[in-house]
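Participant: Could you have a look at this structure, given as structure tokens, before my questions?
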Amino acid sequence: MPKALIIAPCFEIATQEWYPWLVYYLAPQLKARGVEPVLVQGDKATRENVWKLLTDEEIRAILGVGHGNDNVYTGQNYDEIFVSCQYPSETIRNRCFAPVSCLVGRGLLPDMVEKGLGCGLGEITVYVFYFQPGVDPLQDWVLALFTKSEFVYAISLAEGKTSGEAHAAMIKAYYDAADKIRDIDPEIAYTLEADADNRHHFGDPDWKLVEGPPPAPGKYICPWCEWSTDEPHLMKDHIWNMHIWPELQPCWLPRFIRKILGCPIKR
Amino acid sequence: MPNGNISPREAFDRVLRIAASFSNETRHKLAQAYQGYLNTLPPEHREMMMAIMAKGKTIVVKRSEIPRRILEDDEFFHLFLQYLSAIGAKRRR
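Chain order of the listed sequences is A and B. Just so we're on the same page, the working numbering is the position in the first sequence counted from 1, plus 44. Just so we're on the same page, the working numbering is the position in the second sequence counted from 1, plus 9.
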């Protein structure tokens, strides 16, 4: 079973908003598709730990979030995990590197490709997103427009698509998300499109995370999106988080009913 | 004096004046226009946060505070202008 390393720092606002999506959404989605997620969370998201884990040859993709600059990708408390020309090429050779991190497409990704990276994604400019203050990130429908669009790339790879196909699917997801909000809030729609346009593909577009057909679906299949798992509690969480709560989000239910249902209430 | 009517110093002072007035005028117009845009949004959208992951840090600002930040925060103003320019370039294509 191929593995995907998910770097999930959690120490300031951007990483705190994305962290639950990496841990509670992306990781189970990958697992359900036969890719073993290897999480490095919070304080463990450091160069030392990441490099140590990357000695495992079964890890084929490096995903997650972090801060960056043209030539730097950082983890917890800005610990520099990858700096152009300052990492062993074995850590990235024939792998996919696609964490959300601004500007790394300008220098770090081209450098990695030169050193043997299979493929990757990198922003060539800043990355902008929106969220609702005081709302659980997993229940934040506006943040979900960004996170769910972004994760289409990794999920598509896990489903057997090539990196080029997965990148195209991700761009389409960002644009579809933009269409959903264009009439109400064009600024957010344009931002989704700009984020997609600035997230460039690097390396081999034919690179694949999984060879052969995708694994058999799990015992429980979601009636809305065909996501599957063998774990009933994961299915319950999935249906609630992905299909029920987003429908309730326009807040037409009275506050006390939403409270009884366990919906997050804005502070 | 190549121009004949105006000294180099006067000419450069003019450049500086235009640059200064352009900046101030732009900031005020931009702040006003963004406030106008916010007024068209549902109230909950005005309270959303904008997060810009830029050069190793996150700049987070409540949208309702953006007009004030445009006027008072140089770093934010320039970043916001870059961001608008990037999405505006696409819009004009």
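Note that the Cβ used here is the ideal one computed from N, Cα and C, for glycine as well. Owing to the predicted nature of the structure, the values given are computational and were not obtained by experimental measurement.
(1) By Cβ distance below 7 Å, which residues in the same chain neighbour serine 133(A) in space, the five residues on each side in sequence not counted?
(2) Counting only C-beta atoms, is asparagine 115(A) closer than 9 Å to chain B at any point?
(3) Is there contact here, the stretch 51-60 of chain A with the stretch 89-96 of chain A, by at least three beta-carbon pairs under 8 Å?
(4) I want to see whether chain B comes within less than 9 Å of glycine 112(A), judged by CB atoms only; does it?
(5) Would you identify the three-state DSSP class for valine 157(A), choosing helix, strand or coil?
(6) Do the stretch 59-71 of chain B and the stretch 149-157 of chain A meet, that is, are 3 or more Cβ pairs less than 8 Å apart?
(7) Is the separation between the beta-carbon of cysteine 146(A) and that of arginine 104(A) shorter than 9 Å?
(8) Checking contacts by CB at 9 Å: is tryptophan 289(A) closer than that to chain B?
(9) According to DSSP, simplified to helix, strand and coil, what is valine 31(A)?
(10) Give me the Cα-Cα distance between glycine 45(B) and tryptophan 268(A), rounded to the nearest whole angstrom.
(11) Just to confirm my understanding: we take tyrosine 219(A), look at its own chain, exclude 5 residues before and 5 after, and list those with CB closer than 7 Å. What are they?
(12) Tell me, please, which residues DSSP counts as bridged to lysine 47(A).
(13) How would you write the range of the beta strand (DSSP E) that alanine 60(B) sits in, first residue to last?
(14) Can you say whether glutamine 130(A) is buried or exposed, counting buried as having 16 or more other CB atoms within 10 angstroms of its CB?
(15) Would glutamate 102(A) pass as a contact of methionine 45(A) if the rule is Cβ separation under 9 Å?
(16) Can you give me the start and stop residues for the beta strand (DSSP E) that threonine 118(A) sits inside?
(17) Kindly indicate which three-state DSSP category lysine 310(A) falls into: helix, strand or coil?
(18) Checking the sheet assignment: what are the DSSP bridge partners for leucine 165(A)?
(19) Helix, strand or coil: which one does DSSP assign to glutamine 44(B)?
(20) What residues from chain B crowd round alanine 222(A), counting only those whose CB sits closer than 9 Å?
(21) Measure from the C-beta of leucine 147(A) to each C-beta in chain B and report whether the shortest distance is under 9 Å.
(22) Pick helix, strand or coil for valine 186(A), following the three-state DSSP scheme.
(23) In angstroms, rounded to a whole number, what distance separates the CA positions of valine 127(A) and alanine 63(B)?
(24) State yes or no: is the beta carbon of isoleucine 61(B) nearer than 9 Å to at least one beta carbon in chain A?
(25) Check each candidate in Lys71(B), Arg36(B), Arg72(B) and name the one with the smallest Cα separation from aspartate 83(B).
(26) Report the three-state DSSP secondary structure of glycine 208(A) (helix, strand or coil).
(27) When Cβ atoms are compared, which residues of the stretch 149-170 of chain A fall closer than 9 Å to chain B?
(28) The beta strand (DSSP E) that contains lysine 280(A), what's its start and end?
(29) For alanine 58(A), which residues in chain B fall below 7 Å Cβ to Cβ?
(30) Using a Cβ-Cβ cut-off of 9 Å, state whether glutamate 74(B) counts as contacting chain A.
(31) For proline 17(B), which residues in chain D fall below 7 Å Cβ to Cβ?
(32) Any heavy atom of the ligand GDP closer than 8 Å to the Cβ of leucine 97(A)?
(33) Just reading off the alpha helix (DSSP H) that lysine 96(A) is part of, what are its end residues?
(34) Anything in chain B within Cβ reach of aspartate 229(A), meaning under 7 Å, just list it in chain order.
(35) In chain order, what residues of the same chain have a beta carbon less than 7 Å from the beta carbon of glycine 108(A), not counting five sequence neighbours either side?
(36) Considering only the beta carbon of each residue, do alanine 76(A) and tryptophan 271(A) sit closer than 9 Å?
Facilitator: In short, the structure shows the following:
(1) Lys159, Gly160
(2) no
(3) yes
(4) Glycine 112(A) counts as touching chain B.
(5) helix
(6) Taking 8 Å as the limit for Cβ pairs, the verdict is that the stretch 149-157 of chain A does not touch the stretch 59-71 of chain B.
(7) Going by C-beta atoms, cysteine 146(A) is not nearer than 9 Å to arginine 104(A).
(8) no
(9) Since the first residue of chain A shown is 45 and the last is 311, residue 31(A) is not available in this structure.
(10) Taking C-alpha positions only, glycine 45(B) is separated from tryptophan 268(A) by approximately 39 Å.
(11) Glu237, Ala240
(12) Glu80(A), Ile103(A)
(13) Start and end: 58-63.
(14) Classified as exposed, glutamine 130(A) has fewer than 16 neighbouring CB atoms from the shown chains inside 10 Å of its CB.
(15) Taking 9 Å as the Cβ cut-off, glutamate 102(A) and methionine 45(A) qualify as a contacting pair.
(16) 116-118
(17) Note on lysine 310(A): pLDDT 47, under 50, position unreliable in the model; no value is reported.
(18) His245(A)
(19) helix
(20) Those within 9 Å of alanine 222(A) in chain B number zero; the least Cβ separation is about 11 Å.
(21) yes
(22) If DSSP states are grouped into helix, strand and coil, valine 186(A) belongs with the helices.
(23) 17 Å
(24) yes
(25) Arg36(B)
(26) helix
(27) Glu167, Thr169, Val170
(28) Run containing lysine 280(A): none in the beta strand (DSSP E); it sits in the alpha helix (DSSP H), 276-283.
(29) Ala60, Met62, Thr67
(30) no
(31) Chain labels in this structure do not include chain D; the protein chains are A and B.
(32) In terms of ligand content, the structure shown is empty, and the ligand GDP therefore cannot be addressed.
(33) Run containing lysine 96(A): 91-97, per the alpha helix (DSSP H) assignment.
(34) Residues of chain B passing the Cβ test: Leu50, His54.
(35) Ile50, Ile51, Ala52, Leu66, Pro143
(36) yes
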